[in-house]
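S.K.: In the working numbering, the protein residues as written are 8 to 103. Idealized CB from N, CA, C, for every residue including glycine. Shown below is the structure under consideration.
See the structure below:
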């Protein structure tokens, strides 16, 4: 994974993505969700092929009625789908 010093971002989050610095600062070690749900991201999150990726997926909060992607409602999912990642994305949406 490239570092911020080697590959600086052109913008911090823009409109749709959450701000990376606050998002990654709040991320702590969390036990993965149960794999009984059948999510493919969970099956492959801990394999050797996924170790170099910065994110294993993207989480979105979408308007249920109009199907619009809301402002600050997208974020990368690090190492599988975790509750903390989606919590941060939803709360970031509600903050704005």
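Buried or exposed: where does residue 12 fall if 16 or more other Cβ atoms within 10 Å of its Cβ makes it buried?
M.R.: Flag for residue 12 reads exposed.
S.K.: In whole angstroms, what is the alpha-carbon distance linking residue 64 and residue 73?
M.R.: Their backbone Cα atoms lie some 23 Å apart in a straight line.
S.K.: For residue 82 versus residue 95, is the C-beta distance shorter than 8 Å?
M.R.: yes
S.K.: Less than 8 Å between CB atoms is the rule here; does residue 65 satisfy it with respect to chain D?
M.R.: This model lacks chain D altogether, as it is built from one protein chain only.
S.K.: Can you tell me which of the three DSSP states residue 71 falls into?
M.R.: In the structure shown, residue 71 falls within a coil segment according to DSSP collapsed to helix, strand and coil.
S.K.: From residue 76 to residue 91, what distance separates their C-alpha atoms?
M.R.: 20 Å
S.K.: What residue range is occupied by the uninterrupted alpha helix (DSSP H) comprising residue 91?
M.R.: 90-102
S.K.: Report the rounded CA-to-CA distance for residue 80 versus residue 14, giving the unit in angstroms.
M.R.: 24 Å
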